[in-house]
Amino acid sequence: MIYQYKFEKILTIKEKEKNDALAKYNAAVKRFEEVAEKLYRLLKKKEELLDFQQEKLRNGLSIQEIRHHQLFMDNLEILVSHCQQEVIESRYKMNFQRDALMERNIEVKKYEKMKENDFLKFLDVIKEAENKQMDEISIRQFLSKGVR
68 MIYQYKFEKI LTIKEKEKND ALAKYNAAVK RFEEVAEKLY RLLKKKEELL
118 DFQQEKLRNG LSIQEIRHHQ LFMDNLEILV SHCQQEVIES RYKMNFQRDA
168 LMERNIEVKK YEKMKENDFL KFLDVIKEAE NKQMDEISIR QFLSKGVR
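And the structure:
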């Protein structure tokens, strides 16, 4: 008697869905890390620029240079703001993909547990059939010895 799980195809589909969700989650994590790294670099650049500008102001700076630095700082602020929004969006997507992955993982675990329970029942049926067969053999042997 060969064991065949009746929901094997469903389990295979659920495992594929889980693997797809895992791939999407990993892509979302990678995207989040890239955007967060970009934001970090922009903030670091802004900090360095502020330090540089403070140093220049101490030593004296022309109005044209002050305007130039201020314009650059304004543009940098816009980039930082945009990047912060990207970080928020990518974090949301990453968390969404994580939740989807957890759901798929739970579904797969349920089907695996069902398969395990079904296999244990299958083993019990086989064991019961073997016990019946052994009982029949014992009865036949007893009857054949008793007839003689």
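Just so it is clear: in the sequence shown, position 115 is 182 by the numbering used here, and no numbers are missing. We treat Cβ as the ideally placed atom computed from N, Cα and C, and that holds for glycine.
CB of residue i within 8 Å of CB of residue j, strictly
i	j	result
L187	L89	no
L116	L143	yes
K81	Y159	no
H136	Q121	no
Cβ neighbours of residue i in the same chain (closer than 8 Å, five flanking residues each side left out)
i	result
V102	C150, E153, V154, S157
Alpha carbon of residue i to alpha carbon of residue j, nearest angstrom
i	j	result
E219	K180	A question about residue 219 goes unanswered here, because the residues of the chain that appear run from 68 up to 215.
L109	F139	12 Å
R41	F163	There is no way to answer for residue 41, as the model of the chain reaches only from 68 to 215.
V271	I69	Because residue 271 is not part of the residues shown, which for the chain are 68 to 215, the question remains open.
V96	M161	6 Å
K83	N184	22 Å
I206	K85	53 Å
D202	R165	55 Å
L124	E104	30 Å
F189	K199	15 Å
A94	E100	10 Å
E132	D141	14 Å
F209	I193	24 Å
Option in the options with minimal Cα separation from residue i
i	options	result
T79	Q131, N172, D191, I193	N172
K113	L146, K85, E203, F74	L146
D87	K111, I204, E170	E170
Cβ-Cβ separation, residue j to residue i (assumed contact under 8 Å), whole Å
i	j	result
K182	Y92	About 25 Å; that fails the 8 Å criterion.
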